[in-house]
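Input: a single structure, listed below in structure tokens.
2 protein chains.
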Amino acid sequence: MRRIAPDRDQLLAIVAEVFREHGYEGASLSLIGEATGLGKGSLYHFFPGGKEEMARAVIAHIDGWFEDNVFAPLRDSADPQAGIGHMFEATDSYFRSGRRVCLIGAFALDESRDLFAGQIRDYFGRWVTRLAEALARSGHRPGEASELAEETVAAIQGALTLARAADDLDVFSRALRRLRMRLGLSVKI
Amino acid sequence: MRRIAPDRDQLLAIVAEVFREHGYEGASLSLIGEATGLGKGSLYHFFPGGKEEMARAVIAHIDGWFEDNVFAPLRDSADPQAGIGHMFEATDSYFRSGRRVCLIGAFALDESRDLFAGQIRDYFGRWVTRLAEALARSGHRPGEASELAEETVAAIQGALTLARAADDLDVFSRALRRLRMRLGLSVKI
DNA sequence: GCGACATTGTACCGAATGGTACAATGAGTC
DNA sequence: GACTCATTGTACCATTCGGTACAATGTCGC
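Pasting the structure below:
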């Protein structure tokens with residue numbers, strides 16, 4: 001049995017950070033090479049498709065993390081409220097309380113969206129759907145659950161933007177606290 | 001009296017659209033030249049500071065539009081509810097019901113934020129402050145008004161992201177409808 | 001040590017990048 | 001027509017871009 005995965009995981013994490021900070025166009029191969037310590041030879045060995053394949057792999061990597069740590073708990077928790085609580089904790093931790101920005105959300109905004117439209121739509125679509133299902137199971141009427149889910153995911157994205165614009169992490173914390181309350185969770189102190 | 005403003009206005013509008021679609025890094029001088037019909041000679045004549053000055057002027061231009069059409073009505077309307085209603089109409093119209101993305105929000109996300117941090121913080125800060133004041137004047141307690149304003153502006157940004165990600169304009173319309181309701185406005189049919 | 005293959009460094013490619021220099025043109029004033 | 005100054009097109013600059021080619025390594029099973 002061969003082990004490629006672990007190194008590739010942390011490689012993708014580093015590349016993700018470069019895309020996150022500089023955007024798709026702004027993340028040059030030299031920046032990526034510098035951050036990963038890999039030359040073009042290695043980079044193109046692991047990602048023969050070049051920059052576009054790197055971005056695609058990074059999105060899939062992030063998507064996988066959310067699938068495991070957010071979407072699956074939303075779907076599988078016996079207690080839907082517990083699943084939703086789990087979502088907020090994972091979200092707060094992933095975005096480092098607002099220090100980090102959503103790569104996929106950023107990609108959605110500029111013209112790189114066209115390249116990755118399918119992956120982007122999938123990611124957000126699954127997030128909203130899974131959350132809506134959990135809300136429905138916890139007592140909301142279906143239509144209401146759907147709107148509330150969409151509103152919640154959008155609020156998280158907006159809070160990330162605003163927190164970064166204001167350079168104030170509390171913006172994100174406040175948003176999460178309000179969302180927990182609105183979704184009927186007890187807010188931890 | 002000399003008239004420079006009108007041409008410069010529509011020039012800035014075109015340049016803004018290029019930045020909006022391609023981001024700061026992605027908006028190359030050749031794209032800008034192509035969109036405006038101007039060569040580098042003219043471009044650098046109007047913006048001696050190059051690309052950075054163009055972006056700065058574009059942000060200021062957008063900021064000015066919001067000052068006139070959103071922030072001022074929020075501050076000056078005798079009836080604060082009317083001012084808030086005006087804000088939603090102007091916002092919906094500016095973002096073309098979700099077809100357009102917020103340039104300043106997009107700039108806030110990637111590394112170009114560092115270049116324009118001050119302008120970006122100003123823009124969002126004034127939006128939140130003006131809205132909070134209007135909400136306070138319409139009866140909300142100050143702390144509550146402040147949180148509600150922050151929540152509303154973030155919700156608009158998030159809805160723009162999500163609408164674009166899902167490639168579904170209704171996401172934005174639904175968000176605006178919910179916000180109007182939450183802020184106590186009658187929703188138009 | 002051998003062969004197979006994964007990994008890497010380096011040199012290189014044409015194209016595009018942001019930016020500069022400057023001469024030519026435009027239009028309006030006197 | 002001459003002067004002024006805003007505007008423009010073009011050629012050019014060094015640098016960087018994403019990407020390719022390939023020989024030189026490393027690393028493993030055998």
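Quick note, the sequences are listed as chains A and B, same order. The working numbering puts the first residue of the first sequence at 1, with every later residue one more than the last. The working numbering puts the first residue of the second sequence at 1, with every later residue one more than the last. Ideal Cβ placement from N, Cα and C applies to all residues, glycine included.
Can you list, in chain order, the residues of its chain whose CB lies under 8 Å from that of residue i, leaving out five sequence neighbours each side?
i	result
Gly39 (chain A)	Gly33
Glu25 (chain A)	Asp110, Ser112
Gly85 (chain A)	Arg180, Leu185
Gly143 (chain B)	none
Along chain B, which residues have their Cβ under 7 Å away from the Cβ of residue i?
i	result
Ile120 (chain A)	Ala165
So, at 7 Å on beta carbons, what are the nonlocal neighbours of residue i in its own chain, with the 5 sequence-adjacent residues on each side left out?
i	result
His61 (chain B)	Leu12, Ala16
Arg182 (chain B)	none
Ile120 (chain B)	Ile104, Phe107, Ala108, Arg113
Leu169 (chain B)	Ser97, Gly98, Arg99, Ala163
Arg192 (chain B)	Nothing can be reported for residue 192 (chain B): it is not among the residues displayed for chain B, which extend from 1 to 189.
His140 (chain B)	Leu148
Val171 (chain B)	Gly98, Ala159, Leu162, Ala163
Arg3 (chain B)	Caution applies to Arg3 (chain B), whose pLDDT of 36 falls short of 50 and renders its modelled position unreliable; the model cannot decide the point.
Val18 (chain B)	Ala27, Leu31, Ile32, Ala35
Ala145 (chain A)	Ala132, Leu135, Ala136
Leu43 (chain B)	Leu29, Ile32, Gly33
Just tell me which of the options has its CA closest to the CA of residue i.
i	options	result
Leu135 (chain A)	A:Ala175, A:Asp170, A:Asp168, A:Leu179	A:Leu179
Arg20 (chain A)	A:Gly83, A:Ala55, A:Ala159	A:Ala55
Ala117 (chain A)	A:Ser77, A:Ile59, A:Phe172, A:Ser146	A:Ile59
Ile156 (chain B)	B:Leu29, B:Leu74, B:Ser30, B:Phe124	B:Phe124
Leu74 (chain A)	A:Thr152, A:Ser173, A:Thr129	A:Thr129
Met219 (chain A)	A:Val70, A:Ser77, A:Val101	The structure shown does not extend to residue 219 (chain A), since chain A is modelled only from 1 through 189, so no value can be given for it.
Asp68 (chain B)	B:Ser146, B:Glu133, B:Ile14, B:Arg126	B:Arg126
Phe66 (chain B)	B:Ala82, B:Asp122, B:Glu52, B:Ser173	B:Asp122
Glu52 (chain A)	A:Gly64, A:Leu29, A:Gly37	A:Leu29
Ile14 (chain A)	A:Pro48, A:His45, A:Ala57	A:Ala57
Glu150 (chain B)	A:Ala165, A:Val101, A:Pro142	A:Ala165
Gly23 (chain B)	B:Gly37, B:Val101, B:Ala154, B:Asp167	B:Val101
Which residues in chain B have a C-beta closer than 8 Å to the C-beta of residue i? List them in chain order.
i	result
Glu111 (chain A)	Glu21, His22, Gly23, Gly26
Arg178 (chain A)	Glu147, Glu151
Gly105 (chain A)	Leu109, Thr161, Ala165
Val171 (chain A)	Glu150, Ala154
Report the neighbours of residue i on chain A: residues whose CB is nearer than 8 Å to its CB, in chain order.
i	result
Val219 (chain B)	Nothing in the structure corresponds to residue 219 (chain B), since chain B is present only between 1 and 189.
Ile156 (chain B)	Gly158
Ala175 (chain B)	Glu150, Glu151, Ala154
Ala117 (chain B)	Asp167
Who are the neighbours of residue i on chain A, taking C-beta pairs under 7 Å?
i	result
Ala35 (chain B)	Near Ala35 (chain B) there are no residues of chain A at all, since even the closest Cβ is about 13 Å away, more than 7 Å.
Go through its chain and collect everything with a Cβ distance to residue i's Cβ below 6 Å, but skip five positions before and after it.
i	result
Met1 (chain B)	Low per-residue confidence applies at Met1 (chain B): pLDDT is 35, beneath 50, and the placement is therefore not dependable enough to give any value.
Arg174 (chain B)	none
Phe47 (chain A)	Glu53, Met54
Gly83 (chain B)	Pro73, Leu74, Ser77, Ala134
Along chain B, in chain order, which residues have C-beta atoms closer than 9 Å to that of residue i?
i	result
Val101 (chain A)	Ala108, Leu109, Asp110
Phe124 (chain A)	Thr161, Leu162, Ala165, Ala166
Indicate, with yes or no, if the ligand MG has a heavy atom lying under 7 Å from the CB of residue i.
i	result
Arg178 (chain A)	The ligand MG is absent from the structure shown, which contains no ligand whatsoever.
**Message:** Can you confirm whether the segment 7-16 of chain B touches the segment 80-94 of chain A when touching is taken to mean that 3 or more C-beta pairs between the two stretches lie within less than 8 Å?
**Reply:** no
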